[in-house]
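As structure tokens, the structure follows; a few thoughts come after it.
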Amino acid sequence: MSRVNTVLGPIPTEELGIVAVHEHIGYGMPGSELDTRWWKSPEERYAETVPKLRRFREYGGGTFVDATGICNGRDVDYYKSLSAKTGVHIVACTGFVGGDTALPFFARASVDYLTRQFVHEITVGIGDTGSRAGVIKVGVSRGGRMTELDKRIYRAAARAAVTTGVPILTHLAIDPEPAVAIFAEEGLPLDRVLFGHADDGVNAPNTPDVWLAERGGRIGFDTFGYETELDDPPFWARPRRERLAHFLDFIGKGYLDKALVSADANCSPLGWPGVKRHTVNYLFEDLVPDLREAGVDEATITTLLVDNPADFLTITT
């Protein structure tokens, strides 16, 4: 039986439904809990998050992939409570958003140690929660080039993915040549990797999305909703129509089977203000209507939101 790890236990792939493949329940940088201005109590976070997940479910959403890595606010017991409360499947990750978010203990760790950490969280559980990770997060550190620590994390992630059959999801798809080389050296097919944020306003010009897709990689157009049209857009925002045109051009070149979409929204930001009016439900409220208006048929929308993420998330061992 094909299966995917969720925080409430493995489920058949067929039960995933519509998937938001790159989102956050609550993301913050290490130490953000010490911030006296933006830090929120558990009760405040819960009150802010539950309505968004319930709306996601009401729209037909089935599964929310939380891409918050170790050291960035991952709280699996909290995810379990939210999943039980809202009926939304939540997939937690192991790994790191980038080497620059790994606290010193992990930053000094060997590839072998990191591999064991990832495999343990996938096959045994995260801490004492009993919940197993369903995806491995890796990322390119700030500066736009993979650091030596990033490369160690990528290698450990590749080994863990080969061992467990769980896929890898990346933060940014810039400077991908070292990553592709590491994955090849470790025997990991690129269709087990989702190269994320190919569409953000800062990095899109430096993301070789077609080059990656031609080599088998999956491409994440997963910052939908971060628009320059927002009242206070973040630095990675992009004009709505420009992003949509980029995406339509990519799938129009024959790479529909390689494309995944998401909003990279933060239900309740940790230690920073977040981006107002941007939630996971952008997928239903804006993206799907935009796709329909552009002439994209329902079968293609199903491929993007159901079939492609199901194929990506399915454990292959």
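Numbering (the numbering used here), first residue to last: 4 to 320.
Just so you know, even glycine gets a beta-carbon here, dropped at the ideal spot from N, CA and C.
Fair warning: this is a prediction, and the values are worked out from it, not measured in the lab.
Asked, Found
"Which residues mark the beginning and the end of the alpha helix (DSSP H) in which proline 311 is found?", "The question names proline, yet the displayed sequence has asparagine at residue 311. Counting along the chain, the alpha helix (DSSP H) containing asparagine 311 begins and ends at 311-316."
"Have a look at His281, Tyr81, Pro170 and flag the residue whose alpha-carbon is nearest the alpha-carbon of threonine 132.", "Tyr81"
"Between which two residues does the beta strand (DSSP E) harbouring lysine 140 extend?", "138-142"
"How many Å lie between valine 183 and phenylalanine 198 at the Cα?", "10 Å"
"Give me the Cβ distance between threonine 173 and glycine 142, rounded to the nearest whole Å; I'm assuming they're in contact under 8 Å.", "6 Å"
"Use the C-beta contact count for serine 113: other C-beta atoms within 10 angstroms, 16 or more gives buried, fewer gives exposed.", "exposed"
"If we ignore side chains and look at the alpha-carbon of each, how far apart do glycine 65 and valine 205 end up?", "30 Å"
"Provide the residue span of the alpha helix (DSSP H) that contains proline 54, from first to last.", "45-61"
"Is the Cβ-Cβ distance between threonine 126 and cysteine 96 less than 9 Å?", "no"
"Fully enclosed by the segment 255-279, which beta strand (DSSP E) runs are 3 residues long or longer?", "262-264"
"Among Val138, Asp103, Pro107, Asn284, which has the Cα closest to the Cα of threonine 52?", "Asn284"
"Using the Cα positions of arginine 111 and alanine 160, report the straight-line distance between them to the nearest angstrom.", "16 Å"
"Please return the same chain residues whose Cβ sits closer than 7 Å to the Cβ of aspartate 178, not counting the five positions on each side in sequence.", "Val143, Gly147, Arg148, Met149"
"Excluding sequence positions up to five away, which residues of its chain have a Cβ less than 7 Å from the Cβ of glycine 274?", "Gly31, Met32, Ser35, Glu36, Asp38, Trp41, Trp42"
"Are the Cβ atoms of valine 91 and histidine 25 separated by less than 9 Å?", "no"
"Hey, how far is the Cα of phenylalanine 250 from the Cα of glycine 223?", "10 Å"
"Grab the span of the alpha helix (DSSP H) containing alanine 159 for me, first residue to last.", "151-167"
"If we call anything under 9 Å between Cβ atoms a contact, is alanine 240 one with tyrosine 258?", "no"
"Between the beta-carbon of aspartate 202 and the beta-carbon of threonine 226, is there less than 9 Å?", "yes"
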